[in-house]
Amino acid sequence: MGMMITILALAILLSGASMIYFRRYRFFPERLSLLIPATKRSLSSEEKQAAVAYLSAVSSSRHPFLALFNRSNVSKEPVFTLRSHKVYSLNYPITRYGLSTSSPQQWRYYLDTIEIHLPPLWEQFITAENTIELIPAGNILLVIALNGHQLADYFQETSESTRHLPLNSPASIRKEKSSNIELLQIRRETPEEHQLSRPDGTTEAFIICLALLVLFLSQLVPPGLLLWLVVPALLVITGCLWSMFRPARLSDFKEIHCMRGLPKRWGLFGESNQEQSNISLGVIDLHYPDYWMPYIQHDLGKETEIDIDTERRVIRQGRFLSLHDECREFPVQRWRKNAVLAGGALLVLIMMASWVPLGMPFKLSMAWLQGTQRIEVTSLKQLTAMRLQVGDLLDVKGNGMCSVPGSYQGNRIYGYMPFDCSAIYWNNASPLPLPQSETIDETTALLDTVQRQLHPDSIDDLKINPQLALAIQKSGMILLDDFADIVLKTHQLCGQAMDCVRLKNALVNLGNAKDWSSLVARAKSGQLNGVNVLLRPVSAGMLENLVNSAAAIFFTSETRKAIETLNSPPPGGYLLISDQGRQLVRQPQPDVSLFDLSAPEQWNELQRISAMLLHTPFTASGIITALSVDANGTTHVSLHEEPGGISLWRYLGTSLFLVALVACLLVNVVLALRGVRKDHQRQIAIQQYYDKCFNPTLGSGQEPRSLF
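For the sequence shown, the residue numbers in our numbering are 74 to 781.
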């Protein structure tokens, strides 16, 4: 079971780590097959050598402009990876994008919306429909074959082709017609702008919740597997917290391209989201914050300065629209990660409360933190003189009485039934007497007389002529030679009218009496003296069963009453309790539990075990976990076995984990609620500011200016 939990926990951690890795750092070229029909095959060794040689020759110092607009914060330099062994073959036109700048790296090549790396000297071989073979090369697709030209022959083939082709041989490239765009400068994000582009920590919060789940599972495994779950979970939590709160490095700030041009809205037929996706600056589709949409129309068709990041999101436009100014005056509220952490902490808390015992680890941890004293006593006087406190180490030896609980727990095994020797009464009172009962004596007397008459040891024991007794025995009949004694003992035992009804009726029939009262009167008057009753074996067996059934009722009833009497110990003293259910005495346990015996045997066993446990040596030791005094003045002392090094640290870890969960829940609930409220207020304030800027009050006489 522990191994299964460990495997489950490690699987949770691996899935969380994979979630972060594939979400942030991996590019999936398989989406090429979803957009463009393509076939796949394996890369040959010659093609691999050619690709590695080409990639080694490619300079890694180029950072072209348009390549940044496909994927943020990820390198577009082609590199050979484990995924580069797949070759995609397809037929498709190649589209070239560029800007009117003087940069030598202004061209980028695309298949639909997927960027590809085309060897620079192959542009002359592009046709209207191209036969292309590509391999994944990091976060971009590398062209290894184009219209029959192989990368293995790239350097030799291109040098020969350039000598025979005209200098300005046009290539069949789909070019994008666009207005001129002026690139003013390239700068880094400001810290305020970076707050919007950096992850909000929601993914890390999910991973932390998974790690908390692993820490919960560590509470259910054996100690040997504990560290295998705790250490990876803590490392994951540490890494996620560092990722969420680490200061931004210079390399984290993305490039912002400051441009000047004419933003236009292109009304495409059937476009479902014309307000957002059809505003372009040249060939670049611009993405605006939703709440900017009512204001961007003021700059459409006008020469405007626009700052865009690597994901084509507009950072600043015109005079007033600026994310930098918004974040500076109205700080961004990141509350989603707090909501996720609060939900995860609440879930793990519920699971902890349901499946992990929390009371004992918390008590022992508090006792360990407060400091303990060791108390060793061998007499009640010594213990009374001590001032006991929760957390003290107590070692007691003496003679006491095992307790008799009022009710028994179904999930425990009581070795000394009806006594519970995991709880010992220790006081100066005299030991309780052994269970006694006149009813039991009367029941035993009735059983003895019936047993003697139905099963005599010899013929000489019968109160009749031996020859007559021998003749009766040979006939197979059974003789009751003292029927009056059976009647009188039954009357003495079953004094109530509703007691032993079936037995009384049987005796009335055997005595040929009118009713039970008349039969008893005849027996008391001596009229039944010398009256013998002959019974067939079947009738004798039925009579014996009736007597045994009646006797069993009285044995069971008196046994219960005796147990209830034992449940009333003398007042005062101490009740030492092992909260783990550990036996505090070293007496031999019976092979058969009390209530599994027959009714007469139960009474005898109760007397035997009472003689052993009403005053017996005991040894109790452990950490005091609870102290209380009941109505009888008896001090209840709960003891827990002193934990070893591993157990103690496990208890401390459980307590710290519980405290951390509660703190995580409370802090994140407060932060989430406050973040939701402030985020709502922030949106309202920003909208009010832009309304003032773009819709100034009539007659105010003042030109609108930036609030910041």
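Backbone N, C-alpha and C fix where the C-beta goes; we use that ideal spot for every residue, glycine too. Being a predicted model, the structure only gives us computed values, none of them experimental.
For GLU249, is the classification buried or exposed, using 16 other Cβ atoms within 10 angstroms of its Cβ as the cut-off for buried? Numbered from its first residue, the sequence shown carries residue 249 at position 176. Any reading at GLU249 must be qualified, since the residue scores a pLDDT of 46, below 50, and its modelled position is unreliable; no value is offered.
Measure the alpha-carbon distance for ASP764 versus PHE730 and round it to whole angstroms. For the purposes of this step, residue 764 is identified with residue 691 of the sequence shown, where counting begins at 1. For the purposes of this step, residue 730 is identified with residue 657 of the sequence shown, where counting begins at 1. Near 50 Å, if we compare the C-alpha coordinates of PHE730 and ASP764.
Is HIS158 near SER115, with beta carbons less than 8 Å apart? For the purposes of this step, residue 158 is taken as residue 85 along the sequence shown, with counting starting at 1. For the purposes of this step, residue 115 is taken as residue 42 along the sequence shown, with counting starting at 1. Against a cut-off of 8 Å, the Cβ pair of SER115 and HIS158 comes out as a contact.
Give me the Cα-Cα distance between ILE213 and LEU314, rounded to the nearest whole angstrom. Stepping through the sequence shown from its first residue, residue 213 is reached at position 140. Stepping through the sequence shown from its first residue, residue 314 is reached at position 241. Approximately 31 Å, taken between the alpha carbons.
How many whole angstroms separate the CB atoms of GLU262 and LYS327, which I take to be in contact at a CB cut-off of 8 Å? By one-based count along the sequence shown, residue 262 stands at place 189. By one-based count along the sequence shown, residue 327 stands at place 254. Sure, about 5 Å apart at Cβ, within 8 Å.
Report, in whole angstroms, the separation of the C-beta atoms of ASN411 and ALA745, which I expect to be a contact under 8 Å. Working through the sequence shown from its first residue, we reach residue 411 at position 338. Working through the sequence shown from its first residue, we reach residue 745 at position 672. ASN411 to ALA745, Cβ: 4 Å. Contact.
Do LEU561 and ALA596 have their CB atoms nearer than 8 Å? Stepping through the sequence shown from its first residue, residue 561 is reached at position 488. Stepping through the sequence shown from its first residue, residue 596 is reached at position 523. Yes, these two residues count as a Cβ contact at 8 Å.
Pick from THR692, ALA518 and PRO367 that is closest to GLN761, judged by C-alpha positions: Working through the sequence shown from its first residue, we reach residue 761 at position 688. If we check each option's Cα against that of GLN761, PRO367 comes out closest.
I need the straight-line Cα distance from TYR487 to ASP493, nearest angstrom please. Locating residue 487 in the sequence shown gives position 414, counting from the first residue. Locating residue 493 in the sequence shown gives position 420, counting from the first residue. Roughly 6 Å between the two C-alpha positions.
Starting from the N-terminal side, write out each stretch of the alpha helix (DSSP H) that is 4 residues or longer and does not extend beyond the segment 287 to 335. 296 to 318
Can you give the beta carbon distance from THR522 to ASP555, rounded, assuming they're within the 8 Å contact cut? Locating residue 522 in the sequence shown gives position 449, where the first residue counts as 1. Locating residue 555 in the sequence shown gives position 482, where the first residue counts as 1. Between ASP555 and THR522 the Cβ distance is about 7 Å, and since that is below 8 Å, they are a contact.
Could you check what DSSP says for MET459 in three-state terms: helix, strand or coil? Locating residue 459 in the sequence shown gives position 386, counting from the first residue. Three-state DSSP puts MET459 in coil, outside helix and strand.
Round the Cβ separation of LEU679 and PRO434 to the nearest angstrom and send it over; I've been treating them as touching at under 8 Å. The sequence position of residue 679 within the sequence shown is 606, counting from 1. The sequence position of residue 434 within the sequence shown is 361, counting from 1. Not quite, the Cβ-Cβ distance comes to about 39 Å (not below 8 Å), so this is no contact.
Beta carbon of LEU453: closer than 7 Å to some heavy atom of the ligand SAM? Absence of the ligand SAM is noted for the structure shown, with no ligands found whatsoever.
DSSP three-state assignment for CYS766, whether helix, strand or coil: Locating residue 766 in the sequence shown gives position 693, where the first residue counts as 1. Three-state result, CYS766: helix.
What are the boundary residues of the beta strand (DSSP E) that THR516 is part of? Along the sequence shown, read from residue 1 onward, the residue named residue 516 stands at position 443. Run containing THR516: none in the beta strand (DSSP E); it sits in the alpha helix (DSSP H), 511 to 527.
Quick one: what's got a C-beta closer than 6 Å to LEU446's C-beta in the same chain, skipping five residues either side? Position 373 of the sequence shown, counting from 1, holds the residue named residue 446. What sits at residue 446 in the sequence shown is Gln, not Leu. Contacts found: ASP465.
Candidates LEU419, GLN122 and ALA733: closest to ASP226 by CA position: For the purposes of this step, residue 226 is taken as residue 153 along the sequence shown, with counting starting at 1. The candidate whose alpha carbon is nearest that of ASP226 is GLN122.
Buried versus exposed call for GLY417 [16 or more other C-beta atoms within 10 Å across all chains shown]: Here residue 417 refers to the residue found at position 344 of the sequence shown. By the neighbour-count rule (16 or more Cβ atoms within 10 Å), GLY417 is buried.
According to DSSP, is ILE388 helix, strand or coil? What you label residue 388 is simply residue 315 of the sequence shown in a count that begins at 1. Here ILE388 sits in strand by DSSP.
In this structure, does DSSP put MET425 in helix, strand or coil? As a position in the sequence shown, residue 425 is number 352, starting the count at 1. If DSSP states are grouped into helix, strand and coil, MET425 belongs with the helices.
By the three-class DSSP mapping on this structure, what secondary structure does ASP664 have? Here residue 664 refers to the residue found at position 591 of the sequence shown. The answer is coil: DSSP assigns ASP664 none of H, G, I, E or B.
Taking only the alpha-carbon atoms, compute the straight-line gap between GLY584 and ASN578 and give it to the nearest angstrom. Here residue 584 refers to the residue found at position 511 of the sequence shown. Here residue 578 refers to the residue found at position 505 of the sequence shown. GLY584 and ASN578: Cα-Cα distance of roughly 10 Å.
Own chain residues within Cβ distance below 6 Å of ARG389, not counting five before or after: Counting from 1 along the sequence shown, the entry for residue 389 is found at position 316. Counting only Cβ-Cβ distances below 6 Å, and skipping sequence neighbours, we find ASP380 and SER395.
Please identify the residue among LEU302, LEU639, GLU277 and VAL131 whose C-alpha is closest to the C-alpha of ILE726. Here residue 726 refers to the residue found at position 653 when the sequence shown is read from its first residue. According to the sequence displayed, residue 726 carries Gly and not Ile. Cα-wise, what sits closest to GLY726 is LEU302.
Report the rounded CA-to-CA distance for ARG409 versus CYS282, giving the unit in angstroms. On the sequence shown, residue 409 is found 336 positions in, with the first residue counted as 1. On the sequence shown, residue 282 is found 209 positions in, with the first residue counted as 1. Each residue's Cα considered, the two are about 13 Å apart.
According to DSSP, is ARG169 helix, strand or coil? Locating residue 169 in the sequence shown gives position 96, where the first residue counts as 1. Strand at ARG169.
By DSSP's criteria, TYR182 is part of a beta bridge. Which residues make up the other side? For the purposes of this step, residue 182 is identified with residue 109 of the sequence shown, where counting begins at 1. According to DSSP, which records beta bridges pairwise, TYR182 is partnered with ARG169 and ILE189.
Can you check DSSP and say which residues form a bridge with ASP372? Counted from its first residue, the sequence shown places residue 372 at position 299. Partner(s): none; ASP372 has no beta bridge.
Candidates VAL216, ILE205 and TRP589: closest to GLN569 by CA position: Numbered from 1 along the sequence shown, position 496 holds the residue referred to as residue 569. Selected option, being the one with the closest Cα: TRP589.
Counted within 10 angstroms of its Cβ, other Cβ atoms place GLU206 as buried (16 or more) or exposed: The residue you call residue 206 lines up with position 133 of the sequence shown. That one is buried.
Exposed or buried, what is GLN455 when buried is set at 16 or more other beta-carbons lying within 10 Å of its beta-carbon? Working through the sequence shown from its first residue, we reach residue 455 at position 382. That one is exposed.
Excluding five sequence neighbours on each side, which residues of the same chain lie with their C-beta closer than 7 Å to the C-beta of LEU163? Here residue 163 refers to the residue found at position 90 of the sequence shown. Within the same chain, LEU163 has close Cβ partners ILE109, PRO110, ALA111 and ILE205.
Best match in ILE650, LEU527 and HIS267 for proximity to THR692 [C-alpha to C-alpha]: The sequence position of residue 692 within the sequence shown is 619, counting from 1. Taking only the C-alpha atoms, the option nearest THR692 is ILE650.
Which of helix, strand or coil does DSSP assign to SER835? No answer is possible for residue 835: it lies beyond the span of the chain, which begins at 74 and ends at 781.
Per DSSP, the bridge partner or partners of ASP752: Working through the sequence shown from its first residue, we reach residue 752 at position 679. Beta-bridge pairing links ASP752 to no other residue.
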